[in-house]
Every structure is written in C-alpha cells, then in structure tokens.
Amino acid sequence: MMVTYKQLKHFSIHATDKDIGGIRDVLFDDESFVVRYLVADTNTWLPMSRKVVISPISVSDINAEEETVDVNMDADTLKNSPSIDEHKPVSREYEETLFRYFGYGYYWIGPGAWGDFSHPTELAQPKVMDEAQNDLSQHTDNHLRACGEVSGYEVSTSDDNVGHITDFVFDNSNWAMTLLIVDTHNWLPGGKKLALLPKDISALDWSSHQVTVNLSHDGLMERPEVDLDKLSDPIYVAEIISQIQPVV
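First residue of the sequence shown: 5, per the numbering used here; consecutive thereafter.
Written out as structure tokens, the structure reads:
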C-alpha cells in the first residue's frame, strides 16, 4: 500500500491498549530515502507535550480507510521511551539509546536500508538485537530529515528554480520513499503537480531551503503530472514510475 505524508498527518496511533495521539511529522533518511521515525503528537496524554518517536519496526498495521497506525507496544512503553528535543537533530547516540530501550537491532548495521533485512519488523527479533550490541563498528552519523521541514523547499534544476516540494509518497511495506511531488503553481500560471524519484535528488540544503535535482528545467517539466487523489493506489504509483523509468 502507498501512503502520503499529508495522509499520515491525519492518522491516529493505536497502542495495544489505547489511542496515543496522532502523527506530528515523519523523519526520513536523505541517503536511503526510507522513513526512520514517525513523530507522535502527544499533547493529549503526555505532560508538557513531550515528543516521542516510533520506528517502523514497531508498526504492526496501517489502515488508510480508518486512518490509523497500529504499534506493537502499550502506551506506558511509549510514554517511558527516550524523548526527543524537536529543536535539535536526532543523533546516532539517541538512536542507540532508543533501540536498546525497545530491544531492536540497529538498522545501520548491514548493507541495506534495514541492515540485513528487507522489512523493518525483522529487526525486532531478539537475536538481531544481541548481534547488534556486539557490533558497533558502523557507528556513523545519521542523515535524518523531517518531511515537515523539506515540504515547501524550492526545487532547483540546472537552469532555475521551478516549484517546491509539496508531498512525499511512501510504500508502507518497507517504508521506502517512492515519489516526491513538486508543485509549480508559484512559478507557472495554473501550475502542475509533477513526480520526482528519490534518485533525482542530488542535494538537500536546509540553509537555503532548496532541493537540488539532477534535471534541467525542461527535464522536470516533462515529468508526469500526478493526480493527488490516486497516490495511495500502488498500481497508479507504479504507472507513474514506469513513465519516468520504463521497465526494460
């Protein structure tokens, strides 16, 4: 199933015992373009609006019709988890503390987006965590970006700036980002919603609020226009991707 960032921001999070608020933001890796954390909006049940994050490793189900994300923990487990300072970057040291608390294997140990595995939930196996604790040789900096921050960044081609990032599309089977959506209405009369692939991105610059793509102005404008109401349909998304990079 496909789900967009804008959709996720309307989803509620269900623990095994009760509703624990909604999704405030989504943190993704700007190298592998995979969702690493859902930031929970805990205003209604945690003191001083303390912010906590949920890894896709914890997600047991996602229901687009009900607009819910189910996690395999109770509310107290999440409540007592290490909190984040939303005004500071999430450090690798924090991630290690978080993963030790939940008993998860480290996604950054191994060759793939989820270490040695294809799906994040496989990192919840106790044996995986035991092995991860014995191997911290790949202790490297992370590359986390907030969708809420990058949404609105101007898109810089090799010729000029054309549009801004308006949404992101994720495959919730492995939480990979499949598309970024560019809105050109501030630059072009009428405007369009155009599709980018993660591999089109050459740089994300928070200081200039720009996403640089390895496309010319014309190359970007030739990208397929998307129907925002169909982005949760995996067949439709696959068709969009095939128009950008045809299957050989």
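Glycine included, every Cβ here is placed at the ideal spot set by N, Cα and C.
Predicted, not measured: the structure shown is a model, and the values here were computed from it.
- Considered as a whole, the segment 16–60 harbours 16–18, 23–33, 39–45, 56–58 as its complete beta strand (DSSP E) runs of no fewer than 3 residues, in chain order.
- The alpha-carbon separation between His168 and Val186 amounts to approximately 5 Å.
- C-alpha of Ala128 to C-alpha of Asp163: approximately 46 Å in a straight line.
- A Cβ-Cβ contact shorter than 9 Å links Val159 with Val217.
- Within the segment 154–199, the complete beta strand (DSSP E) segments at least 3 residues long are 158–160, 165–175, 180–187, listed from N- to C-terminus.
- Around the Cβ of Leu200, a 10 Å sphere holds 16 or more other Cβ atoms; the residue is buried.
- The residue among Ala150, Tyr111, Asp23, Asn176 with its C-alpha nearest the C-alpha of Asp80 is Asp23.
- Under a 10 Å Cβ-count criterion, Ser62 is classified as buried, with 16 or more other Cβ atoms of the shown protein chains found around its own Cβ.
- Segment contact: the segment 105–120 against the segment 63–71, fewer than three CB-CB distances shorter than 8 Å; contact not assigned.
- The beta carbon of Asp33 sits closer than 6 Å to the beta carbons of Arg40, His147 from its chain, once the five residues preceding and following it are set aside; these are given in chain order.
- Relative to Asp21, the option among Pro228, Met77, Thr161 whose CA is nearest is Met77.
- Where Ala242 is concerned, the enclosing alpha helix (DSSP H) starts and stops at 238–248.
- The beta-carbon distance between Lys196 and Glu243, rounded to whole angstroms, is 17 Å. This is too long to meet the 8 Å contact definition.
- For Ala44, the closest C-alpha among the options Leu12, Glu35, Glu69 is that of Leu12.
- DSSP places Ala150 in the uninterrupted beta strand (DSSP E) bounded by 148–150.
- DSSP, read as helix, strand or coil, puts Asp209 in strand.
- A distance below 7 Å between beta-carbons, with the five flanking residues on each side excluded, links Asp204 to the following residues of its chain, in chain order: Val217, Asn218, Leu219.
- The criterion of a C-beta distance shorter than 9 Å is satisfied by Val241 and Leu235.
- Partner residues in a beta bridge of Ile113, as assigned by DSSP, do not exist.
- By the neighbour-count criterion, in which a residue is buried when 16 or more other Cβ atoms sit within 10 angstroms of its Cβ, His18 is buried.
- If you look at Thr101, you'll find it in the alpha helix (DSSP H) that goes 96–106.
- From the listed residues Ser59, Gly116, Thr72, Thr125, the smallest Cα separation to Leu102 is found for Ser59.
- Using a 10 angstroms sphere on the CB of Glu226, the tally of other CB atoms stays under 16, which defines it as exposed.
- Separation of the CB atoms of Asp29 and Ala150 is rounded to 5 Å, and the pair is thereby assigned contact status at 8 Å.
- In this structure, the beta-carbon distance from Asn178 to Trp118 falls below 9 Å.
- Apart from sequence neighbours up to five positions away, the residues of its chain that approach Ser16 with a beta-carbon distance below 6 Å are Asp23, Gly26, Thr72, ordered along the chain.
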